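2 protein chains.
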Amino acid sequence: MKKFPHRSGVPGFRFAGIAGGLKKNGDKDIGLILADAPCAAAAAFTKNIVKAAPVLIGRKRLRDGCAQAVLVNSGNANACTGSRGMRDAEASCAALARELGIRQGLVLPGSTGVIGVPLPVDKITSAVPRLVRAASPSGAADFCAAIMTTDTFPKIVALEDTVAGRPLRVCGIAKGAGMIMPNMATMLCYIVTDVAIDRKLLSAVLRQQVELTFNRITVDGDMSTNDTVLALASGKSKIDINKVNSITYNIFINILHEVMKRLATLIVKDGEGATKTLVIQVRNARTEGQAKQAAMTVANSPLVKTAFFGQDYNWGRIMAALGRSGAQFAMDRVDIFFNAIQSVKNGQGVERNIPKLQTVMKKGTIAITVDLKAGAQSCEVTTCDLSYDYVKINADYTT
Amino acid sequence: MKKFPHRSGVPGFRFAGIAGGLKKNGDKDIGLILADAPCAAAAAFTKNIVKAAPVLIGRKRLRDGCAQAVLVNSGNANACTGSRGMRDAEASCAALARELGIRQGLVLPGSTGVIGVPLPVDKITSAVPRLVRAASPSGAADFCAAIMTTDTFPKIVALEDTVAGRPLRVCGIAKGAGMIMPNMATMLCYIVTDVAIDRKLLSAVLRQQVELTFNRITVDGDMSTNDTVLALASGKSKIDINKVNSITYNIFINILHEVMKRLATLIVKDGEGATKTLVIQVRNARTEGQAKQAAMTVANSPLVKTAFFGQDYNWGRIMAALGRSGAQFAMDRVDIFFNAIQSVKNGQGVERNIPKLQTVMKKGTIAITVDLKAGAQSCEVTTCDLSYDYVKINADYTT
Numbered sequence: 000m001k002k003f004p005h006r007s008g009v010p011g012f013r014f015a016g017i018a019g020g021l022k023k024n025g026d027k028d029i030g031l032i033l034a035d036a037p038c039a040a041a042a043a044f045t046k047n048i049v050k051a052a053p054v055l056i057g058r059k060r061l062r063d064g065c066a067q068a069v070l071v072n073s074g075n076a077n078a079c080t081g082s083r084g085m086r087d088a089e090a091s092c093a094a095l096a097r098e099l100g101i102r103q104g105l106v107l108p109g110s111t112g113v114i115g116v117p118l119p120v121d122k123i124t125s126a127v128p129r130l131v132r133a134a135s136p137s138g139a140a141d142f143c144a145a146i147m148t149t150d151t152f153p154k155i156v157a158l159e160d161t162v163a164g165r166p167l168r169v170c171g172i173a174k175g176a177g178m179i180m181p182n183m184a185t186m187l188c189y190i191v192t193d194v195a196i197d198r199k200l201l202s203a204v205l206r207q208q209v210e211l212t213f214n215r216i217t218v219d220g221d222m223s224t225n226d227t228v229l230a231l232a233s234g235k236s237k238i239d240i241n242k243v244n245s246i247t248y249n250i251f252i253n254i255l256h257e258v259m260k261r262l263a264t265l266i267v268k269d270g271e272g273a274t275k276t277l278v279i280q281v282r283n284a285r286t287e288g289q290a291k292q293a294a295m296t297v298a299n300s301p302l303v304k305t306a307f308f309g310q311d312y313n314w315g316r317i318m319a320a321l322g323r324s325g326a327q328f329a330m331d332r333v334d335i336f337f338n339a340i341q342s343v344k345n346g347q348g349v350e351r352n353i354p355k356l357q358t359v360m361k362k363g364t365i366a367i368t369v370d371l372k373a374g375a376q377s378c379e380v381t382t383c384d385l386s387y388d389y390v391k392i393n394a395d396y397t398t
Numbered sequence: 000m001k002k003f004p005h006r007s008g009v010p011g012f013r014f015a016g017i018a019g020g021l022k023k024n025g026d027k028d029i030g031l032i033l034a035d036a037p038c039a040a041a042a043a044f045t046k047n048i049v050k051a052a053p054v055l056i057g058r059k060r061l062r063d064g065c066a067q068a069v070l071v072n073s074g075n076a077n078a079c080t081g082s083r084g085m086r087d088a089e090a091s092c093a094a095l096a097r098e099l100g101i102r103q104g105l106v107l108p109g110s111t112g113v114i115g116v117p118l119p120v121d122k123i124t125s126a127v128p129r130l131v132r133a134a135s136p137s138g139a140a141d142f143c144a145a146i147m148t149t150d151t152f153p154k155i156v157a158l159e160d161t162v163a164g165r166p167l168r169v170c171g172i173a174k175g176a177g178m179i180m181p182n183m184a185t186m187l188c189y190i191v192t193d194v195a196i197d198r199k200l201l202s203a204v205l206r207q208q209v210e211l212t213f214n215r216i217t218v219d220g221d222m223s224t225n226d227t228v229l230a231l232a233s234g235k236s237k238i239d240i241n242k243v244n245s246i247t248y249n250i251f252i253n254i255l256h257e258v259m260k261r262l263a264t265l266i267v268k269d270g271e272g273a274t275k276t277l278v279i280q281v282r283n284a285r286t287e288g289q290a291k292q293a294a295m296t297v298a299n300s301p302l303v304k305t306a307f308f309g310q311d312y313n314w315g316r317i318m319a320a321l322g323r324s325g326a327q328f329a330m331d332r333v334d335i336f337f338n339a340i341q342s343v344k345n346g347q348g349v350e351r352n353i354p355k356l357q358t359v360m361k362k363g364t365i366a367i368t369v370d371l372k373a374g375a376q377s378c379e380v381t382t383c384d385l386s387y388d389y390v391k392i393n394a395d396y397t398t
C-alpha cells in the first residue's frame, strides 16, 4: 500500500469545486463528484433524529445502491428547513441531472453549514453548468475546498496497491472540524474507488469501517444533522473484490480502512481550536461497550480536555471521568500510562514519574492508556483538547 | 416562608472556618459544623465509581443515621489516595473526636480540591483545637469560606417558617463551581435544621429533594469523586415533622426544597466562567427519563453553551442536541421558545421573531422551553454558558 497523488485521479471519476456565493467571503462552496456511469454506492448517515433534507433524500435514493453524481454545498446545512428544504435539495439535484442528461435519482445531495436557514437554491442551480464544465479527474482538491467550513486544512487521503500488477485505488475526501463525535457528527466524507464490488457488500464493508474509524473519534461530543460517509465504486480497475476474505478483498479492506482511519485522525487534528491530539485506549474492560463508553467519557470530558490544553498534568480528572462512565471496575486496580510512562498504579499516582509526565504533557500527540483490569475488551478513541479557540470559533460561528 | 440572617444561627449548631495552610494563598480551608449532641443525619453521595476517602468513610458512618460533627477541608480532595487516604481521613476525624470528647464514629469527614495528592493530615490535626475554639452559632459564613475552591461567592441560604408560633429553621451552605452535573459533581452541601425528624425519614426526603434540585443542574457534564449533600437535624425547635403529608411536614419539605433549589441555582450562577444562566425546560416528552435526557443533552452541549456565551442566536444547535439525546420525537413537530418568544415552530425557525430573539440572547438568564409534542412528561434543568474563562480556570487549576 502506498500514497498516490490525488491529482492523478481515480479511474471513472471527475471532480469539481467552484464558488457559488453561499460563503460570504467568496471561497469555493459548491462541489461535484461525477462518475462516468452509474456505479455502486453506499453510505452511512447521521443517527441524529433531526436529519437534514439532503440526508433524508440521499438515504432514499441509495436504497437501490446506485448513484452517478454527488452535489455538495457548504455555507448552509439545509437542516430544519421542513418541506421547503426537501424541495430545495430536490431542485438542486434536478438541475444537475438535467445538465448531465441523467435520471434525477442518480444524483445525491449533501450540505454543511448553518442550520435552519433556507438553502439559496438559485445560487446553486445557476452555478450548475459552470460546475459541470469544471469537472476533471484531477479536481479532488477543488471538491475538497468546496465542502470545507471551519476546517483549517484540506483532508484528502489517496492510497493504492496492486493486484496482479494492476493498480487498485481508493481516494477519500473529508470535512470535519467541530461537532465530531461517534456516529460522525458534522462530518462529510466521500470515498471513491475503482474496484468492482457488489453494492450490498460495499454497504457492509463501509458500515464496518465507519464503526472502526469515524465512530471512534470525538471533538466535543456533539453530533450533527448532516453527517454522511459515502462510497462510490466505479469498477474501472476491473479488480473484483466480491470474494469475501480473498487476498484481493483483504487488500481492498486494508486500503479502505487506512484511508478512513487517516481521514478520521486528520479531522481530530483539525478539531476546532485543537492544539493536541489525544489517543485514549481503554484496555481490559468487562465488555467492548464498556471499553468504548469509558474511552468516550474521558475523551469528551471538558475537564480532561482543558487540562491537556493547559499542559496541566492532572490524572485525577481521568479517574473521575472513568468513574462516571458506566464502566464497571475497581478503582484501586486501575493503571494509567501517558506515552507508556506510568501515571497511575492501582488507582494511585506514581509520584516518581511526575517530572517525566509533565514533559509528556508538552507533546502534540499523547497516548493515554487505561488498564481497568476488569475483563479482556479494549477500545481506542482519538480526540483533541479544548482551547480558548474552540470557544471563540463556536461563540462567533453564525455571525 | 422567609429568609433569616444566617448569623442568628440554627438552634443546636455551631460553625467554624479557619486557615490551616492547605490553600497556598492563606485563605480559610478547614471547616467545622458541630451539633450540641448526636443528631439525626442523612446524606446523598456521588455515584461516581471512583469515590474519595471521606465519601467512603461518611457512607459507612451514616449507616446508623447519627452524627455530631462534620470536618471539611478544601485544597485537597483526598481522592485516589488509596489506603493512606482512608487512614488520613480517619486520623483527622479522630483528632477532632478526641478534642470534643466524643466517639470517632460521630465525626463525618469531607474534602474538596485536587485529586490524587496525599492529604496534609498534620496541618488538619494541629488546627483542630483552634477550630473547636472558633466554633460559634454565628459562624456559617466562616464555614462556607473554608469549603470554597474556585467559587467566586459564598453560597448560604437560610429560610424559616413558623408552626404554631414557633420558628422552624433550615440553613444550607454549599460549594460548587465546576464539574457540576446530575448526581451532584464536585459539590458539597451541608444543611442544618432544628426540626425533630426520624433519621430514616430525613434520608428519604433528602434523596427526594436532591433528585429535584441538585440532580437537575449541570455546568460541564463532569461528576466528581467527592460530591456530598449532608443534612443534620437537631430537634431543638421541638417541631416534629414525622407525620408524612401533615401540614407541619409539608411546611418543612417546602423550606427544604427551597433552600436546596436556591443553592443549586447559585451553584450554576457561579459555574466556572459562567456569564449566563440557562433554564432548559423540555415539555411533553414520552417519558420523564426522556424529558430529563433531552434537557441534559441540550444543557451539556458545548456547541449550545458557546453559542449562548457568544450571544449568538442559533436554535439549530438546540435541535441537533435534542436529536442525539435519545428522546423520541418527530423533528417537524418541535416548538422552541426563548423567554416565551417563539423561536421554532414545528421544527422550523420563526423568522419574524429573530430581532426579538437576538435581544433575548443578551439577557443574563434565559429560559429555553422545548415542546416535543411526543407525550406528557416534563423536566427542567438549569445550566450556564461555556466561556473563555471556563477554559482558563480549568487549564490552570492545579498549577
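Protein sequences, first through last, are from chains B and H.
Mapping to numbering that gives the first Met the number 0: the first sequence position 321 is 320, numbers consecutive.
Mapping to numbering that gives the first Met the number 0: the second sequence position 375 is 374, numbers consecutive.
C-beta: ideal position from N, C-alpha, C; glycine also.
Keep in mind the model is a prediction, meaning the values are calculated, not measured.
- Message: Beta carbons nearer than 9 Å to chain B: which residues of the stretch 327-339 of chain H have them?
- Response: Those would be Gln-327, Phe-328, Ala-329, Met-330, Asp-331 and Val-333, in chain order.
- Local conformation of H:Thr-227 per DSSP, three classes: Judged by DSSP in its simplified three-state form, H:Thr-227 adopts strand.
- Message: Does chain B have any CB closer than 8 Å to the CB of H:Arg-58?
- Response: No, H:Arg-58 does not count as interfacial toward chain B.
- Do the CB positions of B:Ile-340 and B:Ile-367 come within less than 8 Å of each other? No, the Cβ-Cβ distance between B:Ile-340 and B:Ile-367 is not below 8 Å.
- Message: Just list the residues that DSSP pairs B:Ser-110 with in beta bridges.
- Response: In the DSSP assignment, B:Ser-110 is bridged to B:Asn-72.
- Contact residues within the stretch 70-83 of chain H, judged by C-beta distance below 9 Å to chain B: Correct list: Ala-76, Ala-78, Cys-79, Thr-80, Gly-81, Ser-82 and Arg-83.
- Message: Check this for me: beta carbons of H:Ala-284 and H:Gly-374, under 8 Å apart or not?
- Response: In this structure, the beta-carbon distance from H:Ala-284 to H:Gly-374 falls below 8 Å.
- Task: Can you pull the chain B residues whose beta carbon is under 8 Å from the beta carbon of H:Gly-348, in chain order?
- Result: From the beta-carbon of H:Gly-348, the residues of chain B found nearer than 8 Å are Cys-79, Gly-115 and Val-116.
- Secondary structure at B:Thr-364, three-state DSSP: helix, strand or coil? In the structure shown, the three-state DSSP call for B:Thr-364 is strand.
- Query: Would you call B:Arg-282 buried or exposed, if buried means 16 or more other Cβ atoms sit within 10 Å of its Cβ?
  - Reply: Taking all protein chains in view, the Cβ of B:Arg-282 is crowded by 16 or more other Cβ atoms within 10 Å, so the residue is classified as buried.
- Query: When Cβ atoms are compared, which residues of the stretch 30-51 of chain H fall closer than 9 Å to chain B?
  - Reply: Those residues of the stretch 30-51 of chain H placed with their C-beta closer than 9 Å to a C-beta in chain B are Thr-45, Lys-46, Asn-47, Ile-48, Val-49 and Lys-50, ordered along the chain.
- Neighbour-count burial assignment, B:Met-183, 16 or more Cβ in a 10 Å radius: Confidence is the limiting factor: at B:Met-183 the pLDDT is only 35, short of 50, which leaves the residue's position unreliable, though a coordinate-based value still follows. It is buried - the Cβ of B:Met-183 has at least 16 other Cβ atoms within 10 Å.
- So which of H:Val-169, H:Met-259 and H:Ile-155 has the shortest CA-CA distance to H:Arg-206? Minimum Cα-Cα distance from H:Arg-206 among the listed residues H:Val-169, H:Met-259 and H:Ile-155 corresponds to H:Met-259.
- State yes or no: is the beta carbon of H:Thr-224 nearer than 8 Å to at least one beta carbon in chain B? Yes, contact with chain B.
- Item | Contact list for the stretch 303-318 of chain H against chain B, Cβ threshold 9 Å | Result list: Val-303, Lys-304, Thr-305, Ala-306, Phe-307, Phe-308, Gly-309, Gln-310, Asp-311, Tyr-312, Asn-313, Trp-314, Gly-315, Arg-316 and Met-318.
- Message: Could you check whether the Cβ of B:Gly-322 sits closer than 8 Å to any Cβ belonging to chain H?
- Response: Interface residue, yes.
- Return the residue from the list B:Ile-56, B:Ile-48, B:Asn-77 and B:Val-267 that minimises the CA-CA distance to B:Ala-42. Looking only at B:Ile-56, B:Ile-48, B:Asn-77 and B:Val-267, the smallest Cα-Cα distance to B:Ala-42 is reached by B:Ile-56.
- Query: What separation, rounded to the nearest whole angstrom, lies between the Cα atoms of B:Leu-211 and B:Ile-254?
  - Reply: If I take the Cα positions, the gap works out to 14 Å.
- Message: Between H:Val-390 and chain B, is the shortest Cβ-Cβ distance under 8 Å, so that the two count as touching?
- Response: Among the CB atoms of chain B, one or more fall inside 8 Å of the CB of H:Val-390.
- Task: Kindly indicate if chain H contains any beta-carbon less than 8 Å away from that of B:Leu-385.
- Result: Answer yes: the Cβ-Cβ gap between B:Leu-385 and chain H drops below 8 Å somewhere.
- Under 8 Å between the Cβ atoms of H:Ile-155 and H:Cys-170? Yes, they are a contact pair.
- Query: Rounded to a whole number of angstroms, what is the C-alpha to C-alpha distance between B:Gly-11 and B:Leu-158?
  - Reply: Cα to Cα, B:Gly-11 sits roughly 16 Å from B:Leu-158.
- Task: Within the same chain, show all residues whose beta-carbon is closer than 6 Å to that of B:Arg-62, passing over the 5 residues directly before and after it, in chain order.
- Result: Counting only Cβ-Cβ distances below 6 Å, and skipping sequence neighbours, we find nothing.
- Compare the C-alpha of H:Gln-208 against each of H:Ile-240, H:His-256 and H:Met-186 and name the closest. Ranking the options by Cα distance to H:Gln-208, first place goes to H:His-256.
- Stretch-stretch touch, CB-based, cutoff 8 Å, three pairs: the stretch 241-250 of chain H with the stretch 77-91 of chain H: Judged by Cβ distances under 8 Å, the stretch 241-250 of chain H makes no contact with the stretch 77-91 of chain H, as fewer than three pairs qualify.
- Which residue comes first and which comes last in the alpha helix (DSSP H) that contains H:Ser-377? Where H:Ser-377 is concerned, there is no enclosing alpha helix (DSSP H), although the beta strand (DSSP E) it sits in stretches over 376-383.
- Specify whether the stretch 59-76 of chain B and the stretch 26-44 of chain B touch according to this definition: at least 3 beta carbon pairs, one from each stretch, less than 8 Å apart. Segments in contact, yes.
- Cβ shell of H:Ile-240 (< 6 Å), same chain only, five flanking positions each side left out: Counting only Cβ-Cβ distances below 6 Å, and skipping sequence neighbours, we find Val-194, Ile-196, Thr-247, Tyr-248 and Phe-251.
- Task: Give me the Cα-Cα distance between H:Lys-449 and H:Leu-167, rounded to the nearest whole angstrom.
- Result: This structure leaves residue 449 of chain H out entirely; chain H is present only between 0 and 398.
- Item | Run of the beta strand (DSSP E) containing H:Gly-171, from where it starts to where it stops | Element bounds for H:Gly-171: 165-174.
- Item | H:Gly-270, buried or exposed, once every other Cβ within 10 Å from all chains shown has been counted against 16 | Label assigned to H:Gly-270: buried.
- Item | Distance between H:Val-333 and H:Leu-187 (C-alpha atoms, nearest Å) | Straight across, the Cα-Cα distance linking H:Leu-187 with H:Val-333 is about 37 Å.
- Opposing strand residues paired with B:Tyr-189 [DSSP bridges]: B:Tyr-189 is bridged by DSSP to B:Ile-172 and B:Leu-229.
- Message: Short of 6 Å in beta carbon distance, which residues of its chain neighbour H:Thr-398, apart from the five on each side in sequence? Order them along the chain.
- Response: Annotation note: pLDDT 36 at H:Thr-398 (below 50); position unreliable, no value reported.
- Query: Terminal residues of the continuous alpha helix (DSSP H) containing B:Ile-56?
  - Reply: For B:Ile-56, the uninterrupted alpha helix (DSSP H) segment begins and ends at 52-60.
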